[in-house]
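As structure tokens, the structure follows; a few thoughts come after it.
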Amino acid sequence: MSEKYYQEYGPIRRRKGEGRLLIDEPPPELPPEPSEPRLPRRTPPVRPRRAPVLGVLLIIAALGVALFFAQPFITDVLAADRAMPGVSIRGMPVGGLSREEIRTALVSHYAPFIEAPLTLVFEGRSWQPSLDDLGVQFDPDQAASMALGVGRTGNPLRRIEELWELRQNGGVDIAPRLQVDAARVQQYLIGLAGEIDRPPRDAALSIAAGKVLPTAAQPGRQLLTDATALDILRALQSLEPQTVTLRTRILEPTLADEDIAAAVVDAELLLSRPLELQQGERRWIWEPDRIAEMLTISVTDGRMFVDIDQARLERAVDRLAQFVDSASAEPRVAFRNGRLQIVAPGRDGLRLKKAEAVEAIRLALRTQDHIVELPVETIRPQITAETLPTLGIVELVAEGKSSFAGSAGYRVTNIQAGAARMDGVLIPPGAEFSFNTQLGAVDAEHGFVQGYAVIGNRTQLEWGGGVCQVSTTVFRAAFWAGLPITERHAHPFYISWYDAFSFPDQAAPGMDATIYTGVQDLRFINDTGHWLLMEAVADTSAQVLSVRLYGTRPDRRVAVVGPEITNVVPPPAQAVYVNDPGLPFGTVRQTDRARRGMDIRVYRVITEQGVQKTPELFFTRFKAWPDVFVRGTGRP
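Residue numbers for the sequence shown follow my numbering, beginning at 3 and rising by one.
Here it is as structure tokens:
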């Protein structure tokens, strides 16, 4: 037999992708040798089958598993309304208990939490909101359902898993669920914020009765509702009474004490003592409370400053000038028979230098002594006998009249003294006339006596009572001359004797002017382009006061619309009694009679060179006035 060569097939390794395992394949069958006789094949022995044995083993395993769970399933079937053994709720065993028993146990166990779940504390105060206040629901029935459902709900695999946990791990613990309405928690805390929150208080400075009253700053406080709400939600998860401290933050004031310290020092210096104003031998005193009226307090860049208000100081100096300035420096002149005559020589006068006085007062208030020597200038007379023809005083420009019929003796005396101060006064062109400046001091030295005048809210004794009759008449002369009236004040209540001569065709209210030295003035401007001469005559026989303005009449016509009377208020029915210790006890005297209140509008219509100007309103408001009686409280 010749030697045959057959390719030898060993295991072929076939690669199936990079990084994958290699598997072996069997060799291919060899073809039979054609020339060699075939020998009978041997029958392989028959091996016993293993499949039945494996099946038996699987059946035995299944039976074992069934036996393992047989007892729990039997319990489940026999006690379907009770919790499985090993079930607990937050560590409290409930296995074998019914729904009602579980519910009762939960209510008893969590009773302290249900009654007072939280205590909120802050700075010694406390609040105990209920579950309902916080929008929290604790449902024991739901917890009982969860306990009863262990091993009984879900798909079979889920049940087996829970039963395995009960059997293998010794039990299943479940947690009750709380339903919390976060909005209700926020709402409760917002309501609590009203007791906790406190706005910051800035350091402040006030001045009363000339005294400096600083107020210390105080920080504010705000309840942090969001942060506190989170603490509450965390505390509720314990299902046990908890104490929660309210969270707050400090709100710093905008102005701290140190921010106003310099202003306090400045204010105390300004008000440390009265201000003494000197002019020669004359003295005027401004008390601290009056100085305080001129101070202003401001805050700039977080700092407080105290300063003297420029406009208020200028107004105060303007009123002071009424006392400092001389009544008149020009000679007194009379217009007689169409000619001017000097009836009293001129004299040097004084005029306060207002701008310099303002600055001197400002500087003096910053010093310790508070003394000012007022700056004044000497006014030389401009008018002489030679210059009289150049003044342009050639005719009557306007006249004002008023009646003082029925006036008491003191009143007639003061009217005559006031008229004498106005008679013969020259007003330069373009100048502003001040009644108070021209009037000067109202005292016995200048011919005045004490009489009743309107002071504040009542009629009382005052030097110069009745002088307002003169100011009212001067006002009417300036009114009918069409002069610009820069300051005028009506009386606080209606005085009937001022009705006469008020309008060309009727006697009515609304054409009066009151003055009070240093407080209320009557002012107007001479805009005629020439000098004006004022003449004042008190006719005691006719009881009429006349004030005439002479000069050169401009191309001007003056008419009036009104008076329009509205808002009439009846007088109060209840009388007012004022105690006066200067009168003997038991003395009662009526000083004011009841008068109705009203609003009065008078319009002055000026036509200049044929062109009518916008009507000017002169408004008066009279208060309703009661009967006023003075009651003596002095010694009998």
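Note that CB positions come from ideal geometry on N, CA and C, so glycine has one too.
Point to revise | residue 416, buried or exposed, once every other Cβ within 10 Å from all chains shown has been counted against 16 | key: In the sequence shown, residue 416 corresponds to position 414, counting from 1. In the assembly as shown, residue 416 is a buried residue. Its beta-carbon has 16 or more other beta-carbons within 10 Å.
Exercise for review: Pull up the DSSP beta-bridge partners for residue 513, would you.
Suggested key: Walking along the sequence shown from the start, residue 513 turns up at place 511. The partner list for residue 513 (beta bridge, DSSP) is empty, contrary to what the question assumes.
Review point. With a cut-off of 8 Å, does the C-beta of residue 494 fall near any C-beta of chain B?
Key: Among the chains of the structure shown, chain B does not appear; only one protein chain is present.
Check your understanding: Quick check: the stretch 552 to 559 against the stretch 592 to 602, are there 3 or more CB pairs under 8 Å?
Key -> Remark: fewer than three beta-carbon pairs, one from each stretch, lie closer than 8 Å, so the stretch 552 to 559 and the stretch 592 to 602 are not flagged as touching.
Review point. Starting from residue 549 and walking both ways along the beta strand (DSSP E), at which residues does that stretch end?
Key: Reading the sequence shown from its first residue, position 547 is the one you call residue 549. Segment 546 to 553, the beta strand (DSSP E) holding residue 549.
Point to revise | Bounding residues of the alpha helix (DSSP H) (the contiguous stretch that carries residue 482) | key: Taking the first residue of the sequence shown as position 1, residue 482 is located at position 480. 470 to 483 is the span of the alpha helix (DSSP H), which, as asked, contains residue 482.
**Study point:** Which listed residue (160, 105, 152) has its alpha carbon closest to that of residue 141
**Key:** The residue labelled residue 141 in the question sits at position 139 within the sequence shown. The residue with the shortest Cα to Cα distance from residue 141 is 105.
Check your understanding: Which residue from 302, 126, 581 puts its Cα closest to that of residue 246?
Key -> To locate residue 246, count along the sequence shown from 1; it is residue 244. With distances taken between Cα atoms, residue 246 lies closest to 126.
Practice item. Given a cut-off of 8 Å, decide if residue 336 and residue 400 are closer than it, judged by their beta-carbon atoms. Key: Position 398 of the sequence shown, counted from the first residue, corresponds to residue 400. Position 334 of the sequence shown, counted from the first residue, corresponds to residue 336. Residue 400 places its beta carbon 8 Å or farther from that of residue 336.
Check your understanding: Using CA coordinates, which residue listed in 355, 518, 474 is at the minimum distance from residue 502?
Key -> As a first step, residue 502 is located in the sequence shown; it is residue number 500 there, counting from the start. The candidate whose alpha carbon is nearest that of residue 502 is 474.
Review point. In three-state DSSP terms, what is residue 395?
Key: To locate residue 395, count along the sequence shown from 1; it is residue 393. Residue 395: coil per DSSP, three-state reduction.
Review point. Are the CB atoms of residue 160 and residue 154 nearer to each other than 8 Å?
Key: On the sequence shown, residue 160 is found 158 positions in, with the first residue counted as 1. On the sequence shown, residue 154 is found 152 positions in, with the first residue counted as 1. No.
Review point. For the alpha helix (DSSP H) that residue 193 lies in, which residues bound it at each end?
Key: Position 191 of the sequence shown, counted from the start, is the residue given in the question as residue 193. Element bounds for residue 193: 184 to 198.
Practice item. Express the C-alpha separation of residue 313 and residue 631 in angstroms, rounding to a whole number. Key: What you label residue 631 is simply residue 629 of the sequence shown in a count that begins at 1. What you label residue 313 is simply residue 311 of the sequence shown in a count that begins at 1. Going from the Cα of residue 631 to the Cα of residue 313 covers about 40 Å.
Point to revise | Sequence ranges, beta strand (DSSP E) only - wholly within the stretch 110 to 151, length at least 3 | key: Segments of the beta strand (DSSP E) lying fully in the stretch 110 to 151: 120 to 124, 127 to 129, 138 to 140.
Review point. Are the CB atoms of residue 316 and residue 355 nearer to each other than 8 Å?
Key: Your numbering for residue 316 matches position 314 in the sequence shown. Your numbering for residue 355 matches position 353 in the sequence shown. The answer is no: Cβ separation not under 8 Å.
Check your understanding: Under a Cβ-count criterion, where at least 16 other Cβ atoms within 10 Å of its own Cβ denotes burial, should residue 157 be classed as buried or exposed?
Key -> For the purposes of this step, residue 157 is identified with residue 155 of the sequence shown, where counting begins at 1. Under this definition residue 157 is an exposed residue.
Review point. From what residue to what residue does the beta strand (DSSP E) around residue 308 run?
Key: Numbered from its first residue, the sequence shown carries residue 308 at position 306. Counted as a single uninterrupted DSSP element, the beta strand (DSSP E) harbouring residue 308 occupies residues 305 to 310.
Check your understanding: With 16 as the cutoff for other CB atoms within 10 Å, does residue 477 come out buried or exposed?
Key -> Residue 477 sits at position 475 when you count from the first residue of the sequence shown. So residue 477 counts as buried.
Check your understanding: What are the start and end residues of the beta strand (DSSP E) that includes residue 414?
Key -> As a working note, residue 414 is residue 412 in the sequence shown. Following the DSSP letters along the chain, one finds residue 414 in no beta strand (DSSP E) but inside the alpha helix (DSSP H) bounded by residues 411 to 424.
Practice item. Would you please state the rounded distance, in angstroms, between the beta carbons of residue 491 and residue 522? I believe it to be under 8 Å. Key: For the purposes of this step, residue 491 is taken as the residue at position 489 of the sequence shown. For the purposes of this step, residue 522 is taken as the residue at position 520 of the sequence shown. With a Cβ gap of about 5 Å, residue 491 and residue 522 count as contacting.
**Study point:** Residue from 301, 572, 232 whose Cα sits closest to the Cα of residue 266
**Key:** Locating residue 266 in the sequence shown gives position 264, counting from the first residue. Among 301, 572, 232, the Cα nearest to that of residue 266 belongs to 301.
Practice item. Starting from residue 542, follow the beta strand (DSSP E) in both directions and report where the run begins and ends. Key: The residue you call residue 542 lines up with position 540 of the sequence shown. Counting along the chain, no beta strand (DSSP E) covers residue 542, and no H or E run does either.
Check your understanding: Which residue's Cα is closest to the Cα of residue 394: 371, 418, 530?
Key -> The count along the sequence shown starts at 1 and reaches residue 394 at position 392. When each option's Cα is compared against that of residue 394, the closest is 530.
Practice item. Note down, one range per segment and in chain order, each beta strand (DSSP E) of at least 3 residues found wholly within the stretch 272 to 301. Key: Here the runs fully enclosed are 277 to 281, 284 to 288.
Review point. For the alpha helix (DSSP H) that residue 238 lies in, which residues bound it at each end?
Key: Within the sequence shown, numbered from 1, the residue matching residue 238 stands at position 236. Segment 227 to 238, the alpha helix (DSSP H) holding residue 238.
Practice item. Taking all protein chains shown into account, decide if residue 552 is buried (16 or more other Cβ within 10 angstroms of its Cβ) or exposed. Key: Looking up residue 552 in the sequence shown gives position 550. Flag for residue 552 reads buried.
Practice item. Tell me where the alpha helix (DSSP H) around residue 356 begins and ends. Key: As a working note, residue 356 is residue 354 in the sequence shown. Boundaries of the alpha helix (DSSP H) harbouring residue 356: 356 to 366, taken from the DSSP string.
Practice item. Give me the Cβ distance between residue 168 and residue 174, rounded to the nearest whole Å; I'm assuming they're in contact under 8 Å. Key: Residue mapping note: residue 168 aligns to position 166 of the sequence shown, counting from 1. Residue mapping note: residue 174 aligns to position 172 of the sequence shown, counting from 1. About 6 Å separates the Cβ atoms of residue 168 and residue 174, confirming a contact at the 8 Å cut-off.
Check your understanding: From residue 387 to residue 370, what distance separates their C-alpha atoms?
Key -> Residue mapping note: residue 387 aligns to position 385 of the sequence shown, counting from 1. Residue mapping note: residue 370 aligns to position 368 of the sequence shown, counting from 1. Rounded to the nearest angstrom, the two C-alpha atoms are 51 Å apart.
**Study point:** Limits of the unbroken beta strand (DSSP E) element including residue 609
**Key:** One-based indexing of the sequence shown puts residue 609 at position 607. Its beta strand (DSSP E) spans residues 599 to 610.
Check your understanding: Tell me, which residues are paired with residue 332 by DSSP?
Key -> Sequence index remark: in the sequence shown, residue 332 carries index 330 (1-based). Partner(s): none; residue 332 has no beta bridge.
Check your understanding: In whole angstroms, what separates the C-alpha of residue 435 from that of residue 222?
Key -> In the sequence shown, residue 435 corresponds to position 433, counting from 1. In the sequence shown, residue 222 corresponds to position 220, counting from 1. Whole-angstrom Cα-Cα distance: 57 Å.
Review point. Is residue 381 near residue 428, with beta carbons less than 8 Å apart?
Key: Here residue 381 corresponds to residue number 379 of the sequence shown, with the count starting at 1. Here residue 428 corresponds to residue number 426 of the sequence shown, with the count starting at 1. The Cβ atoms of residue 381 and residue 428 lie no closer than 8 Å to each other.
Check your understanding: Distance, Cα to Cα, residue 403 vs residue 547?
Key -> In the sequence shown, the residue the question calls residue 403 occupies position 401. In the sequence shown, the residue the question calls residue 547 occupies position 545. Approximately 6 Å, taken between the alpha carbons.
Practice item. With DSSP as the reference, label residue 533 as helix, strand or coil. Key: What you label residue 533 is simply residue 531 of the sequence shown in a count that begins at 1. Looking at residue 533 - three-state DSSP - the assignment turns out to be coil, as it is neither helix nor strand.
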